[in-house]
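*Asks:*
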Amino acid sequence: DQRSQTEEKEQQLRGAEAQIVALETQKSDLENKVEEMEKKAEMLQQRQTGRMNALQEQIASLEEQVA
1 DQRSQTEEKE QQLRGAEAQI VALETQKSDL ENKVEEMEKK AEMLQQRQTG
51 RMNALQEQIA SLEEQVA
């Protein structure tokens, strides 16, 4: 009886360890996705900044032409 209880507890422990490994894998995957999204967001921000600068230059040029 004690042997079966020990085996059951060992099986529960292996199951818990497998869950931990799965959660660690999910965490790693999510961290990678977050990093990718941060890089994409930075690229979009840089692109928008470039567009804003170009528009400001165009506006300044048009203002000079009008003046």
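Quick note, in the UniProt record's numbering, the sequence shown goes up one by one and the last residue is 67.
Beta carbons: idealized from backbone N, C-alpha and C, even for Gly.
#1: Does DSSP classify residue 29 as helix, strand or coil?
#2: Between the alpha carbons of residue 62 and residue 48, how many angstroms are there, rounded?
#3: To the nearest angstrom, how far is it from the Cα of residue 31 to the Cα of residue 16?
#4: In whole angstroms, what is the alpha-carbon distance linking residue 56 and residue 64?
*Replies:* So, from the data block:
#1: Working through the sequence shown from its first residue, we reach residue 29 at position 29. In this structure, residue 29 counts as helix in the three-state DSSP scheme.
#2: What you label residue 62 is simply residue 62 of the sequence shown in a count that begins at 1. What you label residue 48 is simply residue 48 of the sequence shown in a count that begins at 1. Those two C-alpha atoms are separated by around 21 Å.
#3: Here the question's residue 31 lines up with position 31 in the sequence shown. Here the question's residue 16 lines up with position 16 in the sequence shown. So the two alpha carbons sit approximately 22 Å from each other.
#4: Translated into the one-based positions of the sequence shown, residue 56 becomes position 56. Translated into the one-based positions of the sequence shown, residue 64 becomes position 64. Between residue 56 and residue 64, the C-alpha separation is close to 12 Å.
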